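**Q** Just so it is clear: in the sequence shown, position 96 is 756 by my numbering, and no numbers are missing.
Ideal Cβ positions, reconstructed from N, Cα and C, are used throughout, including at glycine.
Because the structure is a prediction, the values reported are computed rather than measured.
This is the structure I have questions about; it appears just below.
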Amino acid sequence: MNEPTDFLVIGAGLAGLAFARQVQAAGATVQVLDKGRGVGGRAATRRFGAARVDHGAQFFTARSPEFQAIVDAGLAEGWVKEWYRSIPEWRDGTIHPRPDGHPRYACPEGISALPKHLAEGLTVITEAEVQGISWEDIGYVAQAKDGRQFAGTTLILNVPPVQLLTLASDLVTPEDATLLATATLEPCWALLALLETDLAVDWPALELTNHPVFSWIARDHTKRGPGAPPALVAHTGPAWTAAHLEESQATVEAALIAELETLLGPLALSQSQAHRWRYAKPLTALDQPYFWDGARQIGACGDWCEGGRVEGAYLSGHRLALAIE
Ligand SMILES: Cc1cc2nc3c(=O)[nH]c(=O)nc-3n(C[C@H](O)[C@H](O)[C@H](O)COP(=O)(O)OP(=O)(O)OC[C@H]3O[C@@H](n4cnc5c(N)ncnc54)[C@H](O)[C@@H]3O)c2cc1C
Numbered sequence: 661m662n663e664p665t666d667f668l669v670i671g672a673g674l675a676g677l678a679f680a681r682q683v684q685a686a687g688a689t690v691q692v693l694d695k696g697r698g699v700g701g702r703a704a705t706r707r708f709g710a711a712r713v714d715h716g717a718q719f720f721t722a723r724s725p726e727f728q729a730i731v732d733a734g735l736a737e738g739w740v741k742e743w744y745r746s747i748p749e750w751r752d753g754t755i756h757p758r759p760d761g762h763p764r765y766a767c768p769e770g771i772s773a774l775p776k777h778l779a780e781g782l783t784v785i786t787e788a789e790v791q792g793i794s795w796e797d798i799g800y801v802a803q804a805k806d807g808r809q810f811a812g813t814t815l816i817l818n819v820p821p822v823q824l825l826t827l828a829s830d831l832v833t834p835e836d837a838t839l840l841a842t843a844t845l846e847p848c849w850a851l852l853a854l855l856e857t858d859l860a861v862d863w864p865a866l867e868l869t870n871h872p873v874f875s876w877i878a879r880d881h882t883k884r885g886p887g888a889p890p891a892l893v894a895h896t897g898p899a900w901t902a903a904h905l906e907e908s909q910a911t912v913e914a915a916l917i918a919e920l921e922t923l924l925g926p927l928a929l930s931q932s933q934a935h936r937w938r939y940a941k942p943l944t945a946l947d948q949p950y951f952w953d954g955a956r957q958i959g960a961c962g963d964w965c966e967g968g969r970v971e972g973a974y975l976s977g978h979r980l981a982l983a984i985e
């Protein structure tokens, strides 16, 4: 086990990274553990054939000065671009334009550029799935699946609430365990599809209302540079997801391709894949920007605390750091 750091963060999602960046900038030592091969959690991009496809978060907005500063840095350095100001709505078979003038941002290399940028200069240990956490003389000690141990004086959890309580229900008070259990995330299936030829449409994406299967369809390549291979990403709505949650990837993939072709017409698909997000988007939030117990030196952050979405996750971690550093 290495020397205990001031902060031990479990989860290198946007919230955990925003937290770690801020406390490190203030002079603290911090290490961040994540079970994934890379950072970013649901802000994820997959290499898919010749394409890079965002299969989790699709775009982000910036309504707070803190997150706008990150976006502005990305715009200046070229890893963020303004994608569109209007995403049309599909409703009852008709597409309705919805110009609201509010910029939606994307990353030309894929949305994982955002967490990668936040992780620069941080000590992030990937492929470290935490299976247990104990409180010992030296502070909190996290046990990874492969036997490694990591210690820190203050523990910050940036994992979905169900996983948080599995790891730490005996580290928080019973009242706080009850509070944390009120936050829930709902699941979603994503279909990734590479096309031989692009669709003959002018929309970058559609938000679907009252569609029996889909809630979102994006021509993902419109976020990339010129010449990017045409690719679609489709997300399922809550009712369809609930009815098909435990089906196999192959079954869901076939069903979603058929539904997509019913909606859009025949597709010249070269490759496709389904991905299940078991904890996709907040259904019920904590209604506070973060969780913090100063007596026990334990905190939690994530999109499920208050704001939801990419910006909400960032703000949750950032504001927790400002509150306790
Ligand atoms: C399909 C989908 C579409 C979305 N679309 C949008 C969108 O268009 N715009 C938008 O703003 N937001 C969107 N979101 C939401 C956005 O992705 C999230 O709000 C944000 O990424 C959440 O960040 P987070 O830090 O709270 O959590 P997460 O990204 O979930 O990070 C948690 C991290 O904890 C790690 N972890 C979990 N358990 C362990 C463990 N035991 N040990 C170690 N590490 C662990 C995970 O690997 C993960 O990296 C979407 C999400 C999904 C799934």
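Report yes if the CB atom of Cys-848 is closer than 7 Å to the CB atom of Thr-911, and no otherwise.
**A** Their beta carbons are not under 7 Å apart, which means Cys-848 does not touch Thr-911 by this criterion.
**Q** Looking at Val-790: is its Cβ nearer than 7 Å to the Cβ of Ile-670?
**A** Yes. Within cutoff.
**Q** Does the structure place the stretch 788-804 close enough to the stretch 677-690 that three or more beta carbon pairs sit under 8 Å?
**A** The stretch 677-690 is not in contact with the stretch 788-804.
**Q** Which residue from Gly-968, Glu-663, Tyr-974, Lys-883 puts its Cα closest to that of Gln-809?
**A** Checking every option, the nearest Cα to that of Gln-809 belongs to Glu-663.
**Q** Pick helix, strand or coil for Gln-809, following the three-state DSSP scheme.
**A** Here Gln-809 sits in strand by DSSP.
**Q** Count the other CB atoms, across all protein chains shown, that sit within 10 Å of the CB of Asp-760; report buried if there are 16 or more and exposed otherwise.
**A** By the neighbour-count rule (16 or more Cβ atoms within 10 Å), Asp-760 is not buried but exposed.
**Q** Express the C-alpha separation of Gln-682 and Thr-783 in angstroms, rounding to a whole number.
**A** In a straight line, the C-alpha of Thr-783 is about 13 Å away from that of Gln-682.
**Q** Shortest alpha-carbon distance to Leu-929 belongs to which of Arg-758, Leu-920, Gly-812?
**A** That would be Leu-920, whose Cα lies nearest to the Cα of Leu-929.
**Q** Please state the DSSP three-state secondary structure of Lys-941.
**A** Residue state, collapsed to three classes: strand.
**Q** Kindly give me the distance between the Cβ atoms of Trp-876 and Ile-755, rounded to whole angstroms, as I take these residues to be in contact under 8 Å.
**A** Rounded, the Cβ-Cβ distance is 14 Å, inconsistent with contact.
**Q** Whole beta strand (DSSP E) runs in the stretch 879-941 with 3 or more residues, listed along the chain?
**A** Runs found: 891-896.
**Q** If you reduce the DSSP assignment to three classes, tell me which class Thr-833 lands in.
**A** Thr-833 falls in the coil class under three-state DSSP.
**Q** Please report how far the alpha carbon of Pro-763 lies from the alpha carbon of Glu-749, in whole angstroms.
**A** If you take the alpha carbons of Pro-763 and Glu-749, they lie about 16 Å apart.
**Q** Rounded C-beta distance between Ala-722 and Ile-771? I'm assuming under 8 Å.
**A** The Cβ separation is near 14 Å, so there is no contact.
**Q** Just to confirm, are Leu-668 and Leu-815 a CB contact at a threshold of 7 Å?
**A** Contact: yes.
**Q** In its own chain, which residues sit with a C-beta less than 8 Å from the C-beta of Asn-839, not counting the 5 before and 5 after it?
**A** According to the sequence shown, residue 839 is Leu rather than Asn. If we look at Leu-839 and ignore the five residues flanking it on each side, its Cβ neighbours are Leu-946, Phe-951.
**Q** Buried or exposed: where does Ala-899 fall if 16 or more other Cβ atoms within 10 Å of its Cβ makes it buried?
**A** Exposed, since its Cβ has fewer than 16 Cβ neighbours within 10 Å.
**Q** Any chance the CB of Gln-948 is under 6 Å from a heavy atom of ligand 1?
**A** No, the Cβ of Gln-948 stays beyond 6 Å of every heavy atom of ligand 1.
**Q** Using the Cα positions of Thr-842 and Ala-688, report the straight-line distance between them to the nearest angstrom.
**A** C-alpha separation (whole angstroms): 31 Å.
**Q** If we call anything under 7 Å between Cβ atoms a contact, is Val-893 one with Ala-878?
**A** Yes; because the gap between Cβ atoms is below 7 Å, this pair is in contact.
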